[in-house]
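Going by the working numbering, 170 is the number at position 128 of the sequence shown; the sequence numbering is gapless.
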Amino acid sequence: MLTFANRFLYGLVMTTLTSLAALPTGMAYWLGARLGDLTYLVLTRHRRITLTNLALAFGPEKSTDEQRQIARAVFRNLGRHLVDFSHVRQLTHDRFLAMCEIEGLSHVEVLLRRGKGLLIISAHFGSWELAPALALCVSAPLNVIVRPLDNPAFQRLAERYRQRCGYQAIPRREALAACRTALRQGEIVAVLMDQSSLRHESIQVEFFGTKAYTSRGPALLALRTGCPVVSGFLLQAGPGRHRLVLSEEIPVCRTG
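Right, dumping it as structure tokens:
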């Protein structure tokens, strides 16, 4: 149900996105960075999480002041990503290629010709919301595992974005069966690996010297379906410019 608060927040976000899309690139990125500064000050819980993670990553290697500077830069970068996201409504195949250089597309097409689908593993890195626009450029349908958004208005926005980019969203709770079906049909499945998973669905790994849970789903999919696996990351190459890097095939080894 769309409450007044949800509608208000949705209207605010849409107004911001429309305004950013209408501005010259340099001005839009400057304003995005200022929105990041504001978010850093207002979202205290997320600021604390960021600083905690940076302390785990760097330890004594970086001073507290240096870690705070990095945290502020992270929020500024997220504000700039909002600028990238503001252009999604006008995104087409040609527009995407004009703003994003794709590396590795040719060997992805070679892997798809095996007929076993393709699994792309990625993370919340760069303007990750733009990466699924790869669907505009590949020969096979693209499916992305997602978690439904809590705000129904934002969920509606996300669905409009997915429709524009041409990819299919797979709800996280239904992921394993739906992904197996997609891969068997020769389609592409993309999954972000850098968020904590439910313990009964995960394995424990060491990450920055700390035990963390990550999904075992992609490994199970690769072993059970025999699909090839690559990584894919969207890198910032300058204001309004990106590089989508698709790796060579990652070997999958059965260890037990």
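Backbone N, C-alpha and C define an ideal beta-carbon position, used for all residues, glycine too. Please read these numbers as outputs of a predicted model, since none were measured by experiment.
Smallest Cα separation from residue i: which of the options?
| i | options | result |
| --- | --- | --- |
| GLY68 | CYS221, LEU96, HIS135 and ASP126 | ASP126 |
| LEU80 | GLY121, ASP236, LEU191 and SER148 | GLY121 |
| ARG258 | VAL271, SER244, LEU133 and ALA113 | SER244 |
| LEU147 | ALA217, VAL188 and SER181 | SER181 |
| GLU299 | ARG137, ILE144 and ALA177 | Nothing about residue 299 can be read from this structure; the chain reaches only from 43 to 298. |
| SER128 | ALA115, THR58, VAL188 and GLN278 | THR58 |
| ARG114 | TYR82, ARG87, LEU139 and HIS135 | TYR82 |
| THR223 | SER61, ASN185 and ARG283 | ASN185 |
| LEU225 | VAL271, VAL247 and PHE249 | VAL271 |
| SER273 | THR60, VAL55 and ALA165 | ALA165 |
| LEU139 | THR297, ILE292, ARG283 and PRO293 | ARG283 |
| CYS207 | ALA279, VAL233, ARG137 and THR256 | ARG137 |
| ALA217 | ARG189, GLU248 and LEU199 | ARG189 |
| LEU77 | PRO66, GLY53 and LEU124 | LEU124 |
| PRO281 | THR252, VAL130, PRO66 and ALA254 | PRO66 |
| MET311 | PRO293, GLY53, ARG110 and GLN278 | Nothing can be reported for residue 311: it is not among the residues displayed for the chain, which extend from 43 to 298. |
| GLY157 | THR297, THR267 and ARG285 | THR267 |
Please state whether DSSP places residue i in a helix, a strand or coil.
| i | result |
| --- | --- |
| LEU161 | strand |
| THR252 | strand |
| ARG89 | helix |
| GLU151 | helix |
| PRO281 | coil |
| PRO260 | helix |
| CYS179 | coil |
| GLN227 | coil |
| GLN132 | helix |
| GLU216 | helix |
| GLU143 | strand |
| GLN237 | coil |
| LEU98 | helix |
| VAL294 | coil |
| PHE50 | helix |
| GLY274 | strand |
| LEU286 | strand |
| SER244 | strand |
For chain D, is any of its Cβ atoms less than 8 Å away from the one on residue i?
| i | result |
| --- | --- |
| THR81 | Going by chain labels, chain D is absent from the structure shown, which holds only one protein chain. |
Under 8 Å by Cβ, that's how I've got residue i and residue j pegged, so tell me the actual separation to the nearest angstrom.
| i | j | result |
| --- | --- | --- |
| LEU263 | CYS221 | 6 Å |
| PRO213 | MET235 | Not confirmed; about 17 Å, so no contact. |
| CYS269 | GLY159 | 5 Å |
| VAL231 | LEU133 | Their Cβ separation, rounded to whole angstroms, is 21 Å, which puts VAL231 and LEU133 out of contact at 8 Å. |
| ARG118 | ALA175 | In fact, because the Cβ distance is near 23 Å, the residues do not count as touching under 8 Å. |
| ILE187 | VAL233 | 5 Å |
Could you check the C-alpha separation between residue i and residue j for me, to the nearest Å?
| i | j | result |
| --- | --- | --- |
| LEU85 | GLU290 | 39 Å |
| ILE144 | ALA70 | 24 Å |
| LEU96 | ARG215 | 30 Å |
| ALA99 | ILE112 | 12 Å |
| ILE163 | LEU276 | 12 Å |
| LEU93 | ALA64 | 34 Å |
| HIS149 | LEU288 | 9 Å |
| THR45 | ARG90 | 29 Å |
| ALA219 | LEU265 | 14 Å |
| GLN227 | GLN210 | 14 Å |
| CYS179 | HIS135 | 7 Å |
| LEU191 | LEU199 | 10 Å |
Answer yes if the stretch 188-208 comes into contact with the stretch 169-178, meaning at least three C-beta pairs across the two stretches below 8 Å, and no otherwise.
-> In short, these stretches touch, since the Cβ pair count reaches three.
Inter-stretch contact at 8 Å, needing at least 3 Cβ pairs: the stretch 46-57 / the stretch 186-200 | Yes, the stretch 46-57 touches the stretch 186-200.
Kindly confirm or deny that the stretch 145-165 and the stretch 93-109 touch, where touching means at least three C-beta pairs closer than 8 Å.
-> no
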